[in-house]
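Numbering (this note's numbering) for the sequence shown: 833 to 1032. Yeah, the Cβ is synthetic: ideal placement off N, Cα and C, and Gly gets one too.
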Amino acid sequence: MLNPALSAREDTDADNNLRVGLLMVVSFFLIISVLAFPNGPFTRPHPAIWRMVFGMSVLYFLFLVILLFLNWAQVNRLMYWVDPNLRYANREADIMEYAVNCHVITWERILSHFDIFVFGNFAGWAMKALLIRSYGVCWTISITRELTELFFMHLLPNFFECWWYQVILDFLLCNGGGIWLGMTVCRFLEMHTYQLASIK
């Protein structure tokens, strides 16, 4: 730790010194977390890795606590300091239009909505189904997620979706298709599935 402190320090660049100093604090905290934090429930690949993950989550929580005491302009200034490119970034909500001309349904329009997020949503639900291994729980999570999007449309503009996008593309194809694929892989690999619902 002394080597970066003595060799990387520049008397003219305070921002760089602060970045290197914070990086050293995080590194030192992660070393302490490996040595001092207790083992969690995970043992593979090694408990020390999971102690570091826990240490990173503690640091993230402390960062969020700091953000609670800052106003919006101060948070912006902090984020611009962390990543100067954010100053020139545009929000997707400011560029894209959501839920416009929902009565016009064409194949070109439907196919134009296939982007990386659609495939990410599909793959995410396949992985969730592999982990949860229960149709009932997966569909419950899927339905509550879609209801959450409906209830919070007024807060996030990208939650505004045409009905056909929400029902067909999002709910049936991505969520349902991902759940089906994950459960099919479970059956193929002969994994134990769970019937977590108590309804008989």
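Is it the case that the Cβ atoms of residue i and residue j are separated by a distance below 7 Å?
i	j	result
Ala958	Gly887	no
Arg883	Ser865	yes
Leu954	Cys1006	For the record, residue 954 in the displayed sequence is Phe; it is not Leu. Closer than 7 Å, so yes.
Leu1028	Val969	yes
Thr1025	Arg965	yes
Phe1003	Glu1022	no
Asn871	Pro877	no
Leu918	Met911	yes
Identify whether residue i lies in helix, strand or coil by the three-state DSSP scheme.
i	result
Leu987	coil
Thr972	helix
Tyr892	helix
Gln1027	coil
Glu842	coil
Val936	coil
Thr980	helix
Phe874	coil
Phe992	coil
What residue range is occupied by the uninterrupted alpha helix (DSSP H) comprising residue i?
i	result
Gly1014	Gly1009 to Phe1020
Phe1003	Segment: none, Phe1003 is in no alpha helix (DSSP H) and carries neither H nor E.
Ser865	Ala846 to Ala868
Pro959	The sequence shown places Met at residue 959, not Pro. Element bounds for Met959: Ile948 to Ile964.
Glu940	Trp939 to Ser944
Under the assumption that residue i contacts residue j (Cβ atoms under 8 Å), give the Cβ distance between them as a whole number of angstroms.
i	j	result
Ala921	Phe992	Actually they do not touch by this definition, with Cβ atoms about 21 Å apart.
Ala961	Gly1008	Actually they are not in contact, since the Cβ atoms of Ala961 and Gly1008 sit about 10 Å apart, beyond 8 Å.
Val950	Leu1001	7 Å
Exercise. In chain order, which continuous runs of the alpha helix (DSSP H) of length 4 or greater are located wholly inside the stretch 898-934?
Worked result: 904-914 and 924-927
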